[in-house]
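In the UniProt record's numbering, the protein residues as written are 1 to 604. Have a look at the structure below, then the notes.
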């Protein structure tokens, strides 16, 4: 279907509707019209910032090197893995022999057995209601015994463009024109409304992103031009309001539903085929954060492909500078953790240590690079995690109703929640950290954190609005320490010189809190600075005006807000802000022996 959707005109030219239109044209138009209708109905809402054209697109057969295999470094191979040729025949109702079954392995995600093991479709079920388009086109055929063999099109039918002989460039000639068509439909539907029209564009998983060039290019001699590959309009060849929004997961943890962070690996590079294990191996909690930072940094590097930088900003070296010097925002469109990792142990004993460590490492790594991100939350329902008798189901047969995933940070299942979403359901095993200390902070704030899991790791302080150039931001969830540094702006208005920081009550209310700030000028001279301590009972608004007139602070923990206003004479100075909370003592038993036992047991 992806082949027909993106390139039916080129790869299935005879697949026409009764009206004579190619199915690719019809499918894309219907898709764009459906979302345009949705956009039109919602355009009065000012809390809509944009649309994601399509989730994790794949090219189908387009660009496939050979019909006899798929690229194992691009497509996950697990379980039954028929080749493209075998898959076409299966869809056409043929019985197919010699299908390989891939099994989990390491360091590659899976391994193929030496010999094929099974036959499929002995009852000759068909996926097509009408004719088999690939068989009719001559891509494959059946021999005298009914076995699929290559047709006259040959096993490289999808490798090169038929009119030019050039290798297929799926992103340039198929995916980008589709995004532009979708973008044009959404823009038109939102006219006169309050909703924004940002496009959150994802790459094909495990591949570099598409490229959106800075200028409009029309084909020579054309009017409003058409792509030679798809016939789609090239008129909307703009990257205005485009966001690069790749997804990221630790695919080994996702794949195995297990994390032993004592030793962890850069799976992004391993998935590409690298076997330089020395440089791709990390150790401990700090190593896990370093590991994830390296993986997220590759997404930053991809910005130069997604939108080639302006010539004046090409000489930037660090990942943070590359984000700040490109006019295209970068947002991780999906990330998260499998809450049922390590044999679903947290459902049984409540120990959330591994979940908290992993989520903190992910969010901390993105903070280091000053990224934007969204956490994956599919469904509140995780009822399949428990059998009728109350026991836990099999780890790879559970989840939220999709692909056995258990990622949602909000859930109806009371397990791992400090405040169950359904008050009638009690959490018989309350969540605890690795010292056995029961996590109760969420209970202090009524319904604010109802149904949330691993709350303390992803509910984090951050600068929602920065009046200047951000230099650094980090939060240690285990110690409740937040630090940020930025170069102050030279705005003409007070609001343009006001930084707003979200300060979550989960970490900073009803605790002793130390607030430290400073204004640092040239040669690292501190022009102004101070420290203020709040008692656990002190939740009144706090205002500070510096003696030297450089800075003014407004702290209101009830509103979860810290405002930092600077005077114009502080322009280009560095402003540092730190919040530190005194944590409650952990009084429970030491659980280190349990983790040591499980870690060493994993090698037995």
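Even glycine gets a Cβ: it sits at the ideal position worked out from N, Cα and C.
query	result
Using only the alpha-carbon positions, how far apart do residue 293 and residue 362 sit?	8 Å
Cutting at 6 Å between CB atoms, please list the residues of its own chain near residue 603, excluding the five before and the five after it.	Because residue 603 carries a pLDDT of 43, less than 50, the predicted location of this residue cannot be relied on, and no value is offered for it.
When you compare only the Cα positions, how much space is there between residue 445 and residue 380?	21 Å
Ignore the nearest five residues each way along the sequence and tell me which others in residue 223's own chain have a CB closer than 7 Å to its CB.	Residue placement at residue 223 cannot be trusted, given a pLDDT of 39 that sits under 50; what the coordinates show is reported in the next sentence. There are no such residues.
Give me the Cβ distance between residue 267 and residue 252, rounded to the nearest whole Å; I'm assuming they're in contact under 8 Å.	5 Å
From the DSSP output, which residues share a beta bridge with residue 532?	515
Do three or more CB pairs link the segment 527 to 544 to the segment 479 to 488 at distances below 8 Å?	no
Indicate whether residue 32 and residue 183 have their beta-carbon atoms separated by less than 7 Å.	no
In angstroms with no decimal places, state the Cα-to-Cα distance between residue 467 and residue 295.	29 Å
Which of helix, strand or coil does DSSP assign to residue 222?	Legend: pLDDT at residue 222 = 42, less than 50; position of this residue unreliable, value from coordinates given subsequently. Of the three classes helix, strand and coil, the one that applies to residue 222 here is coil, per DSSP.
In terms of alpha-carbon separation, which member of 486, 498, 531 lies closest to residue 521?	486
Contact check, residue 331 vs residue 372 under 8 Å by CB: the rounded distance?	4 Å
Is the beta carbon of residue 210 less than 7 Å from the beta carbon of residue 161?	no
Who are the near neighbours of residue 4 in its chain, counting only those whose CB is closer than 7 Å to its CB and skipping five residues on each side?	12, 15, 23, 24, 27
Could you tell me if residue 455 is buried or exposed, where buried requires 16 or more neighbouring beta carbons within 10 angstroms of its beta carbon?	buried
Have a look at 106, 431, 190 and flag the residue whose alpha-carbon is nearest the alpha-carbon of residue 346.	431
On the DSSP bridge list, what partners appear for residue 578?	483, 516
Looking only at its chain, what residues have a beta carbon closer than 8 Å to the beta carbon of residue 122, apart from the 5 residues adjacent to it on each side?	95
Mind reading off the beta-carbon distance from residue 89 to residue 140? Whole number of angstroms is fine, and I expect it under 8 Å.	6 Å
Can you find the residues in the same chain that come closer than 8 Å, C-beta to C-beta, to residue 79, ignoring five residues on each side of it along the sequence?	101, 102
How is residue 256 classed by DSSP in three states: helix, strand or coil?	helix
What three-state label does DSSP hand residue 247 in the structure shown?	strand
Which residue comes first and which comes last in the beta strand (DSSP E) that contains residue 199?	198 to 201
Residue 125: buried (16+ other C-beta within 10 angstroms of its C-beta) or exposed?	exposed
Kindly indicate the opening and closing residues of the alpha helix (DSSP H) around residue 358.	353 to 368
Closest to residue 60 by CA distance: which of 511, 87, 375, 305 is it?	87
Using 10 angstroms around the beta-carbon of residue 286, count the other beta-carbons present and answer buried if the total reaches 16, otherwise exposed.	exposed
Under three-state DSSP, which class holds residue 585?	coil
Between the segment 529 to 548 and the segment 496 to 503, are three or more C-beta pairs nearer than 8 Å?	no
Residue 376 by DSSP, collapsed to three states: which one?	coil
What are the residues that DSSP puts in a beta bridge with residue 177?	Paired residue(s): none; residue 177 is not in a bridge.
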